[in-house]
Each structure stands twice: as C-alpha cells, then as structure tokens.
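Have a look at the structure below, then the notes.
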C-alpha cells in the first residue's frame with residue numbers, strides 16, 4: 001500500500017513535496033497552522049442542522065433529507081468518507097423515496113472546513129449522481145475553495161495516519 005494513499009492521483013511533484021514535509025516532520029504543523037482546532041458539531045442532531053442549513057442555502061428545490069448522521073462503519077481503506085443514499089419504498093400505489101447523508105465519524109475530530117467540504121460533496125450528489133464536470137461545478141458553487149479543501153483534507157488524513165502508525 002502506498003504511503004500516500006489519499007494522494008495517489010495527484011502529480012508526482014506534489015507527492016514529492018508532501019513526502020518532504022513528512023520526512024521533515026512538519027506536515028502536522030502545516031495542517032494545524034492553516035486549520036487549527038476541531039469543530040463543535042459533535043452530535044447527529046447538530047450535524048443534521050448543519051447539513052440542513054447548507055442544503056437550504058444552496059439546494060432549496062431538492063427534497064428534504066430524512067436522515068443525517070455520523071457513521072462509525074465507513075471504510076477508509078476504500079476511501080469512503082461520506083455517502084448519500086436514496087432509499088425508495090412502495091407505499092400503497094406510490095413510490096416514496098428518502099435521502100440520507102452519512103459522514104464518517106472521524107470527521108468529528110476534523111476542522112470545520114473539512115466537514116463542510118464532505119457535506120458539500122454529499123449534498124451535490126442529491127442533484128448530480130456522477131463525479132463529472134456538473135458535479136464539481138456545483139461543489140464549487142457551494143464552496144469556492146472546494147478543490148483546495150479536498151486536497152488539504154487529504155493531507156490531514158495522511159498526517160492523521162502518520163500519527164496513528166507512530
């Protein structure tokens with residue numbers, strides 16, 4: 001397994017810069033300097049409100065979310081940091097659907113911009129199912145710094161793994 005499993009698809013030059021920071025022991029300083037502390041959104045109820053506010057601000061026409069929660073079962077090895085699912089059920093002669101958003105529990109410890117980035121990503125899936133140009137355009141509409149936050153979040157995950165391996 002690659003030492004930079006969260007950064008595999010980035011340019012080799014960028015990976016080399018990250019490795020240099022890791023070797024110098026300063027990756028953590030870079031991350032915590034830019035994103036100090038963690039957020040206060042610790043309960044599923046608080047997360048539901050947080051996600052609801054973002055959804056109301058940017059995706060008013062999308063149906064309400066049935067459930068929003070932190071999930072302890074997310075598989076970080078396969079890169080699952082959050083999921084958005086649509087559950088359909090037959091009720092009488094109608095087909096009812098409910099949308100759910102689940103965020104990996106490790107984001108309880110994350111800085112708020114990383115939580116926001118994951119939430120924006122999952123909310124974008126309510127409108128755009130595929131990771132295509134329209135999807136990323138919507139993500140950037142909801143958070144102009146989306147791509148930088150995604151990269152920085154991947155650095156944070158790399159640093160977090162380094163701390164647990166040590």
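In full-length UniProt numbering, the protein residues as written are 1 to 166.
The beta-carbon is built from N, C-alpha and C at its ideal position, and this holds for glycine as well.
No experiment lies behind these values; they were computed from the predicted model shown.
- Taken through DSSP and simplified to helix, strand or coil, residue 47 comes out as helix.
- Taking C-beta atoms as the reference points, residue 65 and residue 112 fail to come closer than 8 Å.
- When the five nearest sequence neighbours on each side are left out, no beta carbon in the same chain lies closer than 7 Å to the beta carbon of residue 133.
- A Cβ-Cβ distance of about 14 Å is found for the pair residue 38 and residue 104, leaving them out of contact under the 8 Å criterion.
- Between residue 142 and residue 35, the C-beta gap is not smaller than 8 Å, which leaves the two residues out of contact.
- Residue state for residue 65 is assigned as strand, using DSSP reduced to three classes.
- By the neighbour-count criterion, in which a residue is buried when 16 or more other Cβ atoms sit within 10 angstroms of its Cβ, residue 152 is buried.
- Exclusion of the five residues before and after residue 139 leaves 120, 121, 124 and 146 as the residues of its chain whose Cβ lies within less than 7 Å of its Cβ.
- The three-state secondary structure of residue 98, taken from DSSP, is strand.
- The three-state secondary structure of residue 41, taken from DSSP, is coil.
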